[in-house]
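**Student:** Chains A and B, in that order, are what the protein sequence lines are.
831 is the number of the first residue of the first sequence in the working numbering; add one for each residue after it.
753 is the number of the first residue of the second sequence in the working numbering; add one for each residue after it.
We put the beta carbon where it would ideally sit given N, CA and C, even for glycine.
Computed from a predicted structure; not experimentally measured.
Here it is, the structure in full.
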Amino acid sequence: MIISPKHIFYIIALIGFILLPQLVTVKYYLHLSILALVWVIAAQGQNLIQGYTGYVSIVQAGFMGIGAYSTTLMGLHFSLPVWLTIILAPFVTAVFALATGYPSLRVKGHYFAIVTLAFNMVIFIVLMNFSALTQGEAGITGIPKPGGENGPIDFSNREVYYYFVLIVAVLATAMVALIVRSRIGQILISIRQNEDLVGAIGIAAWKYKLFAFVTSAMFAGLAGALYAHYQSFINPEIFGVSQSLDAILAVIIGGSATIAGPVVGAFVVVFLPEYLRFADSFRLILYGLILVLATIYMPRGIVGTVTSLWERYIQQDK
Amino acid sequence: MIEIIQQIINGIAIGGVYVLIALGLTIVFGILGIAHFAHGSVSMFGGYLTYFFVATMGWPLLGAILIALVVGLLLGVLIEFLAYRPVRKASHINAFIVALGLTMMVEGLNLEFFGHEQVVIPTGFYRVFNIGGVTIPELRLYVILAAALLIVAMTLFVDRTKTGQAIRAVAENRDAAILMGVNVNTIPIVVFAISTALGVAAGVMVGSLFAIAPGIGEGLVVKGFAVLILGGLGSIPGAIIGGLVLGVTEALAAGFISSAYKDVIAFAVMILVLLFRPEGLMGKAR
């Protein structure tokens, strides 16, 4: 195997992530980093359907909500151990994704986006109003950490949880990389480029689209579950449409259809609003403006733009 | 029985609003191939503006609506010019992302100018008619009439005038339209002007029937798109029938099942249509 600059970059990035808790002195930034890593998982899923397959789904936060509520409720009502409910949560989400993906993947482009957005609204409405199960707007508090009260690893320690989420995020990223390099991934990319042609050569595109949609939902479910056990508190507010837009934003700003893109994008999406806090109500306008400008002038995202700059630099050297 | 008629009338009023939103979305989509997601927020901007002119400045309602229409129209044309034009040749995903960004900006603009408070446009039409046991609020009747008038006017414009013909030509075959001497650069401006005018009218109706608050626009635009899916993409009769079906279903669901879940039921209808008739109620089979 030839080691390319790309691999060196990945290794440096990984070392950076491992050292991060030691480098960050402000506790709050560690907290944000954990949230950003949770978003990396969700954004990697979003990238699979949006970046590679070319279908913009606006339900990622809704699926995070299903993951978060299912892990919490399974723990609460069946008193299952936390690690088990975290593993089960993506599968519960997958069931919902199968049921919603089948009808919605019948329409393309914008209309797919709108239908999935409607799903997110439905999930939000149900979480808000089905109080008997979800406790409505007030939310559920006291969600236990993994590992029990006196387990060998203390997950209530922020640093520990950071590494826990980091491992999951790295695995998730690796999994997307593997999927993309496989035959399935190649078909997904072909669907983005020319869906009719994919059908014409005898590949049932809908199966692959459904696979991408369900897998992306499972990533979101996992991210939601990790979020729930980290914050120990969930309510419907954080699983609304605007958070789904954040997932899309993460993919676009980071660089869609790149492996590193969602990682960069997730950190931007979590940290940028913090830096724009001074702008207060202008924040939404600024945020929208950045999105519009980035899409018009930098449609390939940060990673895409940096890669092409780097390639141009190498070319000049030769 | 009276209860059912009552709810159907309520449904027609809401449905009329949905039709106006959906018509605006469908002509923009026909011409530019863009899902104009910011449409709902622009409509709310018009509603807010009308409220501001009536409640704060004390202007007469009709004058306020007219001025709001003109300002909203300018905003719509500006959006086309500054944001949608640059991404016209880009992939549809990018155009949609731009639309999402615009939605955030217009929502932010609304927050900045008009605050978080929920507002209701004071109209002064608070009489209630009683026809054979069915009570019809005066306002609701005017909303239905105004919506019907606008729908007819828009249909006539697209069907009968030279400009309307040009719009249909561009929607059908852009290249052929260019060859026939249609100026394809001015058509989008005309389309956005019509679309935004209908949107602002819908915003005023929502603001006087119910209320305007942050986030309402988003829900409205999703309903508009649901109507398009229901009625059939790009079909004007489809938008009209789809809007009325959605409005009446929602009103009946709110009246007889549960008002908290009325949106869920409306979306469930949309999903059912997708499952059994993906081309929509009035769409042509592909």
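(1) On the three-state DSSP scale, how would you describe A:T1088?
(2) Using a cut-off of 9 Å between C-beta atoms, extract the partners of B:P1030 located in chain A.
(3) Give me the Cα-Cα distance between B:G767 and B:V974, rounded to the nearest whole angstrom.
(4) I'd like the span of the beta strand (DSSP E) that includes B:V886, first residue to last.
(5) Note down, in chain order, each residue of its chain lying with its Cβ closer than 7 Å to the Cβ of A:Y1143, except the 5 sequence neighbours on either side.
(6) Can you list, in chain order, the stretches of the alpha helix (DSSP H) that have 4 or more residues and sit fully within the stretch 929-996 of chain B?
(7) Please identify the residue among B:I764, B:V769, B:N925 and B:E755 whose C-alpha is closest to the C-alpha of B:G971.
(8) Taking just the CA atoms, how far does A:Q1146 sit from A:W1140?
(9) Using the Cα positions of B:G824 and B:I946, report the straight-line distance between them to the nearest angstrom.
(10) Is there a C-beta anywhere in chain B that falls below 8 Å from the one on A:A891?
(11) Among A:Y1060, A:M894 and A:S934, which one has its Cα closest to the Cα of A:G972?
(12) Could you have a look at B:F881 and say whether DSSP puts it in helix, strand or coil?
(13) Given this structure, state the Cα-to-Cα distance separating A:F1097 from A:L867, to the nearest angstrom.
(14) What distance in whole Å lies between the Cβ atoms of A:A1055 and A:G897, which are believed to be in contact at a cut-off of 8 Å?
(15) Would you mind telling me which residues of chain B sit closer than 8 Å to A:V1071, beta carbon to beta carbon, in chain order?
(16) Can you list, in chain order, the stretches of the alpha helix (DSSP H) that have 4 or more residues and sit fully within the stretch 810-848 of chain B?
(17) Please list, in chain order, the chain A residues whose beta carbon lies closer than 9 Å to that of B:L854.
(18) Helix, strand or coil for B:V872 per DSSP?
(19) Name the residue from A:V922, A:F949 and A:T923 whose alpha carbon lies nearest to the alpha carbon of A:L935.
(20) Do you know offhand how far B:F833's Cα is from A:F954's?
(21) Pull up the DSSP beta-bridge partners for A:F1063, would you.
(22) According to DSSP, simplified to helix, strand and coil, what is A:H837?
(23) Suppose contacts are defined by Cβ-Cβ distances below 8 Å. Is A:V1186 in contact with A:A929 by that definition?
(24) Provide the residue span of the alpha helix (DSSP H) that contains A:Y858, from first to last.
(25) Give the straight-line distance between the Cα atoms of B:A1006 and B:Q759, rounded to the nearest whole angstrom.
(26) Run through chain A and tell me which residues come within less than 8 Å of B:F962, C-beta to C-beta.
(27) Counting only Cβ pairs nearer than 8 Å, list the residues of chain B close to A:M951.
(28) According to a CB-to-CB cut-off of less than 7 Å, which residues of the stretch 822-839 of chain B neighbour chain A?
(29) Return yes when the Cβ of A:G884 is within less than 8 Å of the Cβ of A:S1046, no when it is not.
(30) Compare the C-alpha of B:I819 against each of B:R837, B:Y800, B:I757 and B:A835 and name the closest.
(31) Using the three-state DSSP reduction, which class does A:G1032 fall into: helix, strand or coil?
(32) Distance cutoff 8 Å, beta carbons only. Does B:I766 sit that close to anything in chain A?
(33) Taking the alpha carbon of A:Y882 as the point to measure from, which residue in A:V998, A:I1078, A:E1104 and A:V1094 has its own alpha carbon closest?
**Tutor:** Looking at the coordinates:
(1) In the first sequence, residue 1088 of chain A corresponds to position 258, counting from 1. Three-state DSSP puts A:T1088 in coil, outside helix and strand.
(2) As a position in the second sequence, residue 1030 of chain B is number 278, starting the count at 1. Against B:P1030, the close residues of chain A are P933, R936 and V937, in the order they occur along the chain (beta-carbon pairs closer than 9 Å).
(3) In the second sequence, counting from the first residue as 1, residue 767 of chain B sits at position 15. In the second sequence, counting from the first residue as 1, residue 974 of chain B sits at position 222. Rounded to the nearest angstrom, the two C-alpha atoms are 14 Å apart.
(4) The count along the second sequence starts at 1 and reaches residue 886 of chain B at position 134. Residues V886 to P889.
(5) Residue numbering aside, residue 1143 of chain A sits at position 313 when the first sequence is read from its first letter. Sequence-distant partners of A:Y1143 (beyond 5 residues in either direction) whose C-beta falls short of 7 Å from its own C-beta are missing from its chain.
(6) Runs of alpha helix (DSSP H) with 4 or more residues, each lying fully within the stretch 929-996 of chain B, are found at 939-961 and 968-983, listed in chain order.
(7) Against the second sequence, residue 971 of chain B aligns to sequence position 219. Out of B:I764, B:V769, B:N925 and B:E755, the CA that lies nearest to the CA of B:G971 is found in B:V769.
(8) Walking along the first sequence from the start, residue 1140 of chain A turns up at place 310. Walking along the first sequence from the start, residue 1146 of chain A turns up at place 316. If I take the Cα positions, the gap works out to 10 Å.
(9) Taking the first residue of the second sequence as 1, we reach residue 824 of chain B at position 72. Taking the first residue of the second sequence as 1, we reach residue 946 of chain B at position 194. C-alpha separation (whole angstroms): 11 Å.
(10) Taking the first residue of the first sequence as 1, we reach residue 891 of chain A at position 61. By this cut-off, A:A891 is not an interface position.
(11) Looking up residue 972 of chain A in the first sequence gives position 142. With respect to the C-alpha of A:G972, the residue from A:Y1060, A:M894 and A:S934 having the closest C-alpha is A:Y1060.
(12) Your numbering for residue 881 of chain B matches position 129 in the second sequence. It is a strand residue.
(13) Residue mapping note: residue 1097 of chain A aligns to position 267 of the first sequence, counting from 1. Residue mapping note: residue 867 of chain A aligns to position 37 of the first sequence, counting from 1. Between the alpha carbons of A:F1097 and A:L867 lies a gap of roughly 8 Å.
(14) Within the first sequence, the letter at position 67 stands for residue 897 of chain A. Within the first sequence, the letter at position 225 stands for residue 1055 of chain A. The Cβ separation is near 5 Å, so the contact holds.
(15) Stepping through the first sequence from its first residue, residue 1071 of chain A is reached at position 241. Within 8 Å Cβ-Cβ: E970.
(16) For the stretch 810-848 of chain B, whole alpha helix (DSSP H) runs of length 4 or above, ordered along the chain, are 813-831.
(17) Here the question's residue 854 of chain B lines up with position 102 in the second sequence. Simply G1118, L1121 and V1122.
(18) Translated into the one-based positions of the second sequence, residue 872 of chain B becomes position 120. When DSSP states are grouped into helix, strand and coil, B:V872 belongs to the coil group.
(19) As a position in the first sequence, residue 935 of chain A is number 105, starting the count at 1. The candidate whose alpha carbon is nearest that of A:L935 is A:F949.
(20) The residue labelled residue 833 of chain B in the question sits at position 81 within the second sequence. The residue labelled residue 954 of chain A in the question sits at position 124 within the first sequence. Between B:F833 and A:F954, the alpha-carbon positions lie close to 35 Å from each other.
(21) For the purposes of this step, residue 1063 of chain A is identified with residue 233 of the first sequence, where counting begins at 1. Answer is A:T971, bridged to A:F1063.
(22) Here residue 837 of chain A refers to the residue found at position 7 when the first sequence is read from its first residue. Three-state result, A:H837: helix.
(23) Because chain A in this structure spans residues 831 to 1148, residue 1186 of chain A falls outside the shown range and cannot be described.
(24) Translated into the one-based positions of the first sequence, residue 858 of chain A becomes position 28. For A:Y858, the enclosing alpha helix (DSSP H) starts and ends at K857 to Q876.
(25) Reading the second sequence from its first residue, position 254 is the one you call residue 1006 of chain B. Reading the second sequence from its first residue, position 7 is the one you call residue 759 of chain B. Straight across, the Cα-Cα distance linking B:A1006 with B:Q759 is about 9 Å.
(26) Taking the first residue of the second sequence as position 1, residue 962 of chain B is located at position 210. Within chain A, no C-beta atom comes nearer than 8 Å to that of B:F962; the closest sits roughly 17 Å away.
(27) Start at 1 with the first residue of the first sequence, and residue 951 of chain A comes out as number 121. Chain B residues near A:M951: G971, V974, D1015 and F1019.
(28) Going along the stretch 822-839 of chain B in chain order, one finds A835, P838 and V839 with a Cβ nearer than 7 Å to chain A.
(29) Here residue 1046 of chain A refers to the residue found at position 216 of the first sequence. Here residue 884 of chain A refers to the residue found at position 54 of the first sequence. Not in contact: A:S1046 and A:G884 (Cβ atoms no closer than 8 Å).
(30) For this step, residue 819 of chain B is matched to residue 67 along the second sequence. The closest CA to that of B:I819, considering only B:R837, B:Y800, B:I757 and B:A835, is found on B:Y800.
(31) For this step, residue 1032 of chain A is matched to residue 202 along the first sequence. In this structure, DSSP gives A:G1032 a state outside helix and strand, which the three-state scheme calls coil.
(32) Your numbering for residue 766 of chain B matches position 14 in the second sequence. No, because no Cβ of chain A sits closer than 8 Å to the Cβ of B:I766.
(33) Against the first sequence, residue 882 of chain A aligns to sequence position 52. For the residues A:V998, A:I1078, A:E1104 and A:V1094, the minimum Cα distance to A:Y882 belongs to A:I1078.
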